[in-house]
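Q: Under full-length UniProt numbering, the first residue of the sequence shown is numbered 1, with each subsequent residue one higher.
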Amino acid sequence: MGIAAKFQRGDVLVAACPSREVLQHITSRWGVLVLIALESGTLRFGELRRKVNGVSERMLVQTLQCLEGDGLVHRIALEVVPPHVEYSLTPLGREAAEKVRLLTDWIEGNIPRLLKAKAAP
1 MGIAAKFQRG
11 DVLVAACPSR
21 EVLQHITSRW
31 GVLVLIALES
41 GTLRFGELRR
51 KVNGVSERML
61 VQTLQCLEGD
71 GLVHRIALEV
81 VPPHVEYSLT
91 PLGREAAEKV
101 RLLTDWIEGN
111 IPRLLKAKAA
121 P
């Protein structure tokens, strides 16, 4: 029996559930930002790095590899000189981006309240 057949639905509260690893990849600092950046469409590596302000090349590569491994990001290496690599969201990635977008929209819309709460003694 394959692993997909074993899990009809994940349970992130169970330590051994593979959903925990996916959750970690999606909700990591850079995972969320990469998913949101790719919502607008296909981007080359350099474009994505500029759009996700502050991410190092190393962290972007790691994040993209994790999200690609989870089936959320599609990578296309174009055989041109110099080489170009393009990234886009898969259908699963678009679904995940919609979900994290709800959270980031809430955070952005409530940042004054959040900062006030953070500053309170």
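Glycine residues also receive a C-beta, built at the ideal position from the N, C-alpha and C atoms.
Under a three-way DSSP split, which group does E86 fall into?
A: If DSSP states are grouped into helix, strand and coil, E86 belongs with the strands.
Q: With a CB to CB cut of under 6 Å and the five nearest residues on each side skipped, what residues in its chain are close to M1?
A: Residue confidence for M1 is low, a pLDDT of 45 falling below 50, so the modelled location carries little weight and cannot support an answer.
Q: Considering only C-alpha positions, which residue in the set L35, V81, L78 is nearest to E68?
A: It is L35 whose Cα lies nearest to the Cα of E68.
Q: Quick check: the Cα distance between L72 and A15, rounded to an integer number of angstroms?
A: Taking the straight line from one Cα to the other gives about 22 Å.
Q: Using a Cβ cut-off of 7 Å (strictly closer), state whether V73 contacts chain D.
A: Absent here is chain D; the protein component of the structure consists of one chain.
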